[in-house]
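>
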Amino acid sequence: MNRLTPRKFVWQICVALLLILLNALPAASQDKRARVRISNAGFTITALPLLAAKDWGVFSANGLDVELIVMSPSLAAAAIAQGDIDYVAGVGPASVAATLTGLPSRAIWFSSDRISYWLQSAPQYKTIQDLKGKKIAISGGAGGTNHVALLIALEKSGFNPKDFATVGIPGQQLQVLYSLESSFVEAALLSPPHTFSAARKGFNKLLDVGAMVEMPGGGLTTLIKTIQSRPAEVKRVIHALQVAKDEVRKSKPKTVELIIRILKMDKEAAAETYDAFQTTLNPTGIPNRAGIDNLVRSLQAQGRFTDRKVALNDVADDRLATEVAKELGYKLQ
């Protein structure tokens, strides 16, 4: 019978410890996923790539443990400055204004190149001409993304925006639709799914505002120091969002199910909303000059930053999004 010598005993102990360590490595690597906090103004169709990346495990597959936090744009600027969040899921008037005011942040990724809005009117108003001197409801107030998009679209259609009275409606798009249904206003600027429900109720679709104005919907903003000190993490976040957006684009049934479940729409509204959202997507996610210009214009319409000529790199940094796009095999101009 073989005797267990002290040397053999020590050797077996070492082998056992090595096996334990090797088995623990996968769990340890999972625990090392980067913890990331991303704020979003609300779970709407604009946030679809963000919601998909979280729900479908795309963030996890990219080594990210992501917490989504619902937060208004006005609070998000202070939160990211204080380090309470790492990214703001959005590129809009609020985030650009914060940057131009002095927050050291940059827009780093675009979800969409344009917003999905229609100008819709009560049945008796058949044309835009009929709406001169009438009230048009918008969500929020003057100078917001949708308001400036409407002004630009009216100008492009040959009308003077001053011939129309825009009325800011507090709350969400549902309240804007209610203002139209109650005849408080003669027309309203609506986005899916309310565009479709209004049309089914007999309200006219007069102008596809989103198709006429290049302006980002959704996106990602972060601090300059985050871009500089954690570029690998930033690229993983962009990569996850872009992969999720590609999956949204390619898989309608899967995405419609997500819209029904998370955004609480019925199947018909979800399918219609998906089709409309598809037309807005930025193929590569790379921030572009036209979108930033229109955002700056939306701020200058409020009398802000009118003495400044804003360059793209004053508010955006497209380098990491460009790297991700190349890695994903997109053809870039």
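The working numbering numbers the first residue of the sequence shown as 1490 and each following residue consecutively. Just so you know, even glycine gets a beta-carbon here, dropped at the ideal spot from N, CA and C.
1. Mind checking which residues open and close the beta strand (DSSP E) that includes S1628?
2. Is the beta carbon of I1627 sitting closer than 8 Å to the one on T1655?
3. Leaving aside the five residues before and after K1734 along the sequence, list all residues of the same chain whose C-beta is less than 6 Å from its C-beta, in chain order.
4. Drop a sphere of 10 angstroms on the beta-carbon of K1621, count the other beta-carbons inside from all chains shown, and report buried for 16 or more, exposed for fewer.
5. Quick check on R1595: buried or exposed, where buried means 16 or more other Cβ atoms within 10 Å of its Cβ?
6. With DSSP collapsed to three states, give me the class of T1762.
7. Can you give me the Cβ contacts of P1612 inside the same chain, cut-off strictly under 8 Å, excluding the 5 residues immediately before and after it?
8. Which two residues bound the contiguous beta strand (DSSP E) that contains G1657?
9. Among the candidates D1602, A1587, G1552 and N1529, whose CA atom is the shortest distance from the CA of A1700?
10. Hey, how far is the Cα of S1718 from the Cα of F1648?
11. Please name the residue, chosen from Y1763, W1545, I1781 and P1776, that lies closest to A1638 on a Cα-to-Cα basis.
12. Would a C-beta distance cut-off of 8 Å place W1545 and E1736 closer than the cut-off?
13. Rounded to the nearest angstrom, how far is the Cβ of T1768 from that of I1748, given a contact under 8 Å?
14. Quick one: grab the DSSP three-state call for I1775.
15. With DSSP as the reference, label T1711 as helix, strand or coil.
16. When burial is assigned at 16 or more other CB atoms within 10 Å of the CB, is K1615 buried or exposed?
17. Going by DSSP in three states, Y1576 sits in which element: helix, strand or coil?
18. Could you have a look at Q1613 and say whether DSSP puts it in helix, strand or coil?
19. Output the distance between the C-alpha atoms of L1712 and G1774, rounded to the nearest integer angstrom.
20. Quick one: using the 10 Å Cβ neighbour count with 16 as the cut-off for buried, is S1561 buried or exposed?
21. On the criterion of 16 or more Cβ atoms from any shown chain inside 10 Å, does A1587 qualify as buried, or is it exposed?
22. Out of T1535, P1650, N1551 and K1543, which has the shortest C-alpha to C-alpha gap to V1723?
23. Is F1532 near L1540, with beta carbons less than 8 Å apart?
24. For P1776, which residues in the same chain have their Cβ closer than 6 Å to its Cβ, ignoring the five residues on either side in sequence?
25. Comparing C-alpha positions only, which one of T1535, D1554 and I1534 sits nearest to R1725?
26. So what's G1521 in DSSP terms, helix, strand or just coil?
27. Under the assumption that V1577 contacts A1565 (Cβ atoms under 8 Å), give the Cβ distance between them as a whole number of angstroms.
28. Helix, strand or coil for K1690 per DSSP?
29. Whose C-beta lies closer than 8 Å to the C-beta of K1756 among residues of the same chain, with five residues either side of it excluded?
30. Where does K1820 fall in DSSP's three states?
31. Starting from the Cα of D1803, find the closest Cα among I1558, G1591 and Y1667 and give me that residue.
32. Using beta carbons (cut-off 8 Å, strictly below), is E1722 in contact with chain B?
33. With distances taken Cα to Cα, identify the nearest neighbour of R1793 among R1522, F1673, P1582 and A1570.
34. Please give the ranges of any beta strand (DSSP E) in the segment 1524 to 1570, keeping only runs that are unbroken, at least 3 residues long and fully inside the region.
In short:
1. Looking at the DSSP string, the run of the beta strand (DSSP E) that includes S1628 is K1624 to S1628.
2. Taking C-beta atoms as the reference points, I1627 and T1655 count as a pair closer than 8 Å.
3. A distance below 6 Å between beta-carbons, with the five flanking residues on each side excluded, links K1734 to the following residues of its chain, in chain order: P1538.
4. It is exposed - the Cβ of K1621 has fewer than 16 other Cβ atoms within 10 Å.
5. By the Cβ-count criterion, R1595 is buried, with 16 or more other Cβ atoms from all chains shown falling within 10 Å of its own Cβ.
6. It is helical.
7. The residues are G1691, F1692 and N1693.
8. Where G1657 is concerned, the enclosing beta strand (DSSP E) stretches over A1654 to I1658.
9. The residue with the shortest Cα to Cα distance from A1700 is D1602.
10. So the two alpha carbons sit approximately 48 Å from each other.
11. If we check each option's Cα against that of A1638, I1781 comes out closest.
12. In terms of Cβ geometry, W1545 and E1736 form a close pair [threshold 8 Å].
13. T1768 to I1748, Cβ: 16 Å. No contact.
14. Reduced to three states, the DSSP call for I1775 is coil.
15. Here T1711 sits in strand by DSSP.
16. That one is exposed.
17. In the displayed model, Y1576 falls within a strand according to three-state DSSP.
18. Three-state DSSP puts Q1613 in coil, outside helix and strand.
19. Distance between the alpha carbons of L1712 and G1774 is about 18 Å.
20. S1561 comes out exposed.
21. Around the beta-carbon of A1587, 16 or more other beta-carbon atoms lie within 10 Å, marking it buried.
22. V1723 has its Cα closest to that of N1551, out of T1535, P1650, N1551 and K1543.
23. Yes, the pair counts as a contact, with Cβ atoms nearer than the cut-off.
24. Contacts found: A1596, F1599, A1805 and D1807.
25. Comparing Cα-Cα distances from R1725 to each of T1535, D1554 and I1534, the minimum goes to D1554.
26. The question names Gly, yet the displayed sequence has Lys at residue 1521. Note: K1521 maps to coil in three-state DSSP.
27. Indeed they touch by this definition, with Cβ atoms about 5 Å apart.
28. In the displayed model, K1690 falls within coil according to three-state DSSP, outside both helix and strand.
29. Cβ-Cβ distances below 8 Å link K1756 to V1745 and I1749 in the same chain, with the five nearest sequence neighbours on each side left out; the list follows chain order.
30. The three-state reading of DSSP puts K1820 in coil, since its state is none of H, G, I, E or B.
31. With respect to the C-alpha of D1803, the residue from I1558, G1591 and Y1667 having the closest C-alpha is G1591.
32. Within the model displayed, chain B is absent; a lone protein chain is all it includes.
33. When R1522, F1673, P1582 and A1570 are compared, the shortest CA-CA separation from R1793 is found for P1582.
34. Every beta strand (DSSP E) of 3 residues or more that sits fully in the segment 1524 to 1570 is shown, in chain order, as 1553 to 1559.
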